[in-house]
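Participant: First residue of the sequence shown: 22, per our numbering; consecutive thereafter. Glycine included, each C-beta is placed from N, C-alpha and C at the ideal position.
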Amino acid sequence: MEIRNIAIIAHVDHGKTTLTDAIMRQTGMVEEGVSMDNNALEQERGITIYAKNTSINYRDTKINIVDTPGHADFGSEVERVLRSIDSVLLIVDAQEGPMPQTRFVLKKSLELGLKPIVVINKIDKPAADPDLVQEQVYELFMDLGANDEQLDFTTIYAIGRQGIAKEHLKDESDNLEPLLDMILLKVHAAKADRAAQLRMQPFNLGYDNFLGRLAVGRIHEGTIKAGATYVLKKTDGTVEKSRVTKLYNFKGTVRDEVAEAYAGDIVMVAGFPKIDIGETICESEEQESLPAINIDEPTISLRFLVNDSPFAGREGKFVTSKQIKERLEKELEVNVGLKIDFSTSEYYTVFGRGELHIAVLLENMRREGYEMQVSQPHVIIKDIDGVKSEPFEEVTVDVPSELAGTIIETLGKRKGIMTDMHVHGSQTRLLFEAPTRGMLGYRGQFVVDTKGEGIMSSRVVGFKPYVGDIKKREVGSMISNGTGKALGFSLANLQDRGVLYIGAATEVYEGQVIGNVSKGDEMTVNPLKGKQLSNMRSSGTDEAIHLIPPFTLSIERGLEIINDDEYLEVTPHSVRLRKQFLKEGDRTKAGRKGK
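#1: Are the stretch 135-148 and the stretch 51-60 touching by the rule of at least three beta carbon pairs closer than 8 Å?
#2: Return the Cβ separation of Thr274 and Arg264 in integer angstroms, given the expectation that the two are a contact with Cβ distance under 8 Å.
#3: Expressed to the nearest angstrom, what Euclidean distance is found between the alpha-carbon atoms of Asn315 and Ile296?
#4: Ala186 by DSSP, collapsed to three states: which one?
#5: Based on the DSSP secondary-structure assignment, which residues constitute the bridge partners of Pro110?
#6: Note down, in chain order, each residue of its chain lying with its Cβ closer than 6 Å to the Cβ of Ala313, except the 5 sequence neighbours on either side.
#7: Look at the Cβ atom of Thr471, then the Cβ atom of Leu452, and state whether they are nearer than 8 Å.
#8: At which residues does the alpha helix (DSSP H) containing Asp477 begin and terminate?
#9: Do the CB positions of Val87 and Ala167 come within less than 8 Å of each other?
#10: Near Gly489, what residues of its chain come up, given a Cβ to Cβ distance below 7 Å and the 5 sequence neighbours on each side ignored?
#11: Pull the bridge partners of Asn537 from the DSSP assignment, please.
#12: Would you identify the three-state DSSP class for Ile316, choosing helix, strand or coil?
#13: Does the Cβ of Ser478 have 16 or more other Cβ atoms within 10 Å, making it buried, or fewer, making it exposed?
#14: Give the range of the beta strand (DSSP E) segment to which Tyr522 is assigned.
#15: What is the DSSP secondary structure of Leu131, counted as helix, strand or coil?
#16: Quick check on the burial criterion: 16 or more other C-beta atoms within 10 angstroms. Buried or exposed for Met221?
#17: Using the rule of at least 16 other Cβ atoms within 10 Å of the residue's Cβ for burial, across every protein chain shown, is Tyr228 buried or exposed?
#18: Suppose you measure from the CA of Ala455 to the CA of His445; what does that come to, to the nearest Å?
#19: Whole angstroms are fine: how far does the CA of His209 sit from the CA of Gly134?
#20: In the structure shown, what three-state DSSP assignment does Thr592 receive?
#21: Is it true that the CB of Glu281 sits closer than 8 Å to the CB of Thr244?
#22: Lys218 to Glu261, Cα distance in whole Å?
#23: Within its chain, find whatever has a CB closer than 6 Å to the CB of Phe162; leave out the 5 residues flanking it on each side and keep chain order.
#24: Taking Arg276 as the reference, give the member of Glu581, Ala513, Thr75 and Thr41 with the closest Cα.
#25: For the structure I just gave you, are there three or more beta carbon pairs, one from the stretch 361-375 and one from the stretch 566-580, closer than 8 Å?
#26: Please confirm if the stretch 65-73 is in contact with the stretch 340-348, defined as three or more CB-CB distances below 8 Å between the two stretches.
#27: Tell me whether Asp42 is buried or exposed, calling it buried when 16 or more other Cβ atoms sit within 10 Å of its Cβ.
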């Protein structure tokens, strides 16, 4: 049976997973209602976080499909997949057109010499303009230096949600066969040199409590057999021998145990406890390693600490430094975009690709019963040729035209430089180049500035010279001066001073940040103060209390608004913001020392 290996790449929310699910349903590989996004977090957020592979059988051909994340923070998941496939389906929204992550993933695939099949999806949208998007995609190919063969790409039009694909817009179709036929026609069959010595390279890692570390990779040459012993050539030049304990193939989303697998296929291997992405499994030490897979460096860092707040240990099962360290070490087994420095016992420094990358890790840990606190995220500053440099992002903003001025002004304060501006009807698309440091914590404000009507996305473009101080925060912290239950009477008076993060009857402790202050200064308040009761009647004292709903903290919101002298406390059921020094006297002393 011939094998075709493809990856589906696109910007976030352009319909990759929906299309993959429809392909699997129509080829009979899964039942109705089964999705590639089977992780609880992925289903809640509606985005793909982890690259996953599946396989389908169509016209006596096995097609391995790798579904990749669209968010820039998980770009490392895409980079390593592209080396192990023969072509890509580039999905582009028929209304939004090419977006920053479209450019990122397409650039990577063109550099590797892949020839994409372009799928213009969601052509049923009211504002869809497939012809314009087709032109924009062609211009993008030109900008990224595509060769003549790559510029001669094939375009398919699709409605992923309905499971429809067509070669021409006027064609009638009620299934995805035109897309699948085009894959068989345009994607070369995987080279199946079974007689050669084995060479296999993993592009993804998994973990099983019984089998240990699992490697998902493509067999480039030869045959791999369960029970046989092979050589693992690591990227640092060292060599290890190990035995394949289990070998799995993929059928739909289910892994299927097999005795052997051949060149061209994508399989999962158990038995190599220290295997890493980009290393080579081969038969003899004399064989040459496959080219290593390089992954972009992290851009932000923050500290993970043991939760030492007054409410520590109330909700979590795993609260000690050792338990947090073990969990982070386990995360390193599968999360290649992450780096962690364990050199100090007081805290662990975690390096990630962005706020969402870190937030997903924290959310997974809290759901597993972990308690911890984290510091404010900082960008990673590097010295490049003697020049202090920081990461920069290309930011694309789509907003109603009347709000464009507000966005230009706000991003200008955050050292963003506008590089392009297009007006389409009532919408304006703005392109900026801004330091990552200026973009940290901006998403929440962006939603407020655009009244929820704006779309913002970004991608890291590399390190550029440091741009100096950026003043981002114009509000101060409202800090509780006592421990107990916050009372509605007190909160009703405090809500006039700023935005509250807590509601009535919420337990608070001394040093907890319960809201922000509009004037930008820190303010210590008493949220526990009740109404003074007396036996005297007076007019106007029995007015009903009207509390504004609080700005409830989530992990992402907390990471956006956290200050340098604060920690974000994350527990299984609560997210709290607190000062590093809980007592006001200690904060005053620390402030004097800082000066």
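Facilitator: Considering the structure as presented:
#1: no
#2: That pair is no contact at about 27 Å.
#3: Going by the C-alpha atoms only, they are around 15 Å apart.
#4: Of the three classes helix, strand and coil, the one that applies to Ala186 here is strand, per DSSP.
#5: For the record, residue 110 in the displayed sequence is Leu; it is not Pro. Leu110 pairs with Ile29 and Ile138.
#6: Thr256 and Gly299
#7: no
#8: For the record, residue 477 in the displayed sequence is Met; it is not Asp. Segment Ile476 to Pro486 is the beta strand (DSSP E) holding Met477; no alpha helix (DSSP H) there.
#9: No, they are not a contact pair.
#10: none
#11: Asn537 is bridged by DSSP to Ser498.
#12: coil
#13: buried
#14: That residue, Tyr522, is in no beta strand (DSSP E); it is neither H nor E in DSSP.
#15: helix
#16: buried
#17: exposed
#18: Annotation: Ala455 to His445 spans about 23 Å, alpha carbon to alpha carbon.
#19: 13 Å
#20: coil
#21: yes
#22: According to the sequence provided, residue 218 is Gln. The question's Lys does not apply to it. So the alpha carbons of these two residues sit roughly 17 Å apart.
#23: Counting only Cβ-Cβ distances below 6 Å, and skipping sequence neighbours, we find Leu172.
#24: Thr75
#25: no
#26: no
#27: buried
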